[in-house]
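For reference, the structure discussed in these notes is given below.
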Amino acid sequence: LIMGRKTFESIGRPLPGRETIILSRSGYTATGTRTVESPARLVEILGNDKRIPFICGGAEIYRQTLDLCSDLYLTQVKGVFDGDAFFPEFENHFKDAEAVLHHEQFTVFHYHHS
879 LIMGRKTFES IGRPLPGRET IILSRSGYTA TGTRTVESPA RLVEILGNDK
929 RIPFICGGAE IYRQTLDLCS DLYLTQVKGV FDGDAFFPEF ENHFKDAEAV
979 LHHEQFTVFH YHHS
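Structure representation (structure tokens):
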């Protein structure tokens, strides 16, 4: 599970049952996690790993890593929300959206890299 420092701090702890990797240029560290300083270093570290990595935010981390992704699982939450951080443009790089989970309050879509 890969996330930026701000996202990790908002959660406050590593999530159980998975490795938490923090992508941070500041050298931030937290108990029970691994920190890497760049997307390039992340690719080196994960190169031979058979596990499927998931990137879970924030906005800057999505922007830095989106081109590295083969698949995109995007949750659309129903409603109108105020905010100042947004998911980057992705429509030109991914195709074939398929709804894989419908819920009364949200839908999860799966996209493939084009």
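In this note's numbering, the protein residues as written are 879 to 992. Glycine included, each C-beta is placed from N, C-alpha and C at the ideal position. No experiment lies behind these values; they were computed from the predicted model shown.
Identify whether residue i lies in helix, strand or coil by the three-state DSSP scheme.
i: residue 886; result: helix
i: residue 979; result: strand
i: residue 930; result: coil
i: residue 962; result: coil
i: residue 879; result: coil
Measure the CB-CB distance between residue i and residue j and report whether it falls below 8 Å.
i: residue 975; j: residue 985; result: no
i: residue 989; j: residue 964; result: no
i: residue 932; j: residue 889; result: no
i: residue 883; j: residue 906; result: yes
Can you give me the C-alpha to C-alpha distance between residue i and residue j, rounded to a whole angstrom?
i: residue 962; j: residue 936; result: 12 Å
i: residue 949; j: residue 919; result: 20 Å
i: residue 922; j: residue 929; result: 14 Å
i: residue 945; j: residue 892; result: 25 Å
i: residue 982; j: residue 909; result: 37 Å
i: residue 894; j: residue 911; result: 11 Å
Q: Pair every Cβ in the segment 889-904 with every Cβ in the segment 952-965, then say whether three or more of these pairs are closer than 8 Å.
A: no
Q) At which residue ranges does the segment 886-926 contain complete alpha helix (DSSP H) runs of 4 or more residues, listed in the order of the chain? A) 917-924
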